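Numbering (this note's numbering), first residue to last: 152 to 240. A virtual CB, placed ideally from N, CA and C, is assigned to each residue, including glycine. As the structure is a prediction and not an experimental result, all values here were calculated from the model. Please read the structure below before turning to the comments.
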């Protein structure tokens, strides 16, 4: 088995050495500003929101507003009336 792997190793190296042209280059579409180098993820630096990526800041703000609006609705929203139960007789 190891002889087969040793024989296939040069072939694998040649296949991986394909030219990295524009078709295989990754692009940064829909991502943060590439000039903004000093960014951190919220879980690695939670006490410094100024260093978070802009996408994480937006998601945190939207999540916070969802919690605030949901809590306010549950506290101040319409109250349910207790259902009347009729005795069985």
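Handout entry: Limits of the alpha helix (DSSP H) - the one that residue 235 falls within
Key = From DSSP, residue 235 is part of no alpha helix (DSSP H); its letter is neither H nor E.
Handout entry: Cβ separation of residue 207 and residue 224, assumed to be a contact under 8 Å, to the nearest whole Å
Key = Not confirmed; about 26 Å, so no contact.
Exercise for the section: Might you give, ordered along the chain, the residues of its own chain that have their beta carbon closer than 8 Å to the beta carbon of residue 211, omitting 5 neighbours on each side? Expected result: 193, 200, 203
Handout entry: residue 221 versus residue 239 - alpha carbon distance
Key = 39 Å
Exercise for the section: Quick one: residues in its chain with C-beta nearer than 8 Å to the C-beta of residue 216, no 5 flanking neighbours on either side, listed in chain order? Expected result: none
Handout entry: Simplified DSSP assignment, three categories, for residue 194
Key = coil
Problem - Endpoints, the alpha helix (DSSP H) within which residue 216 is located - result: 205-227
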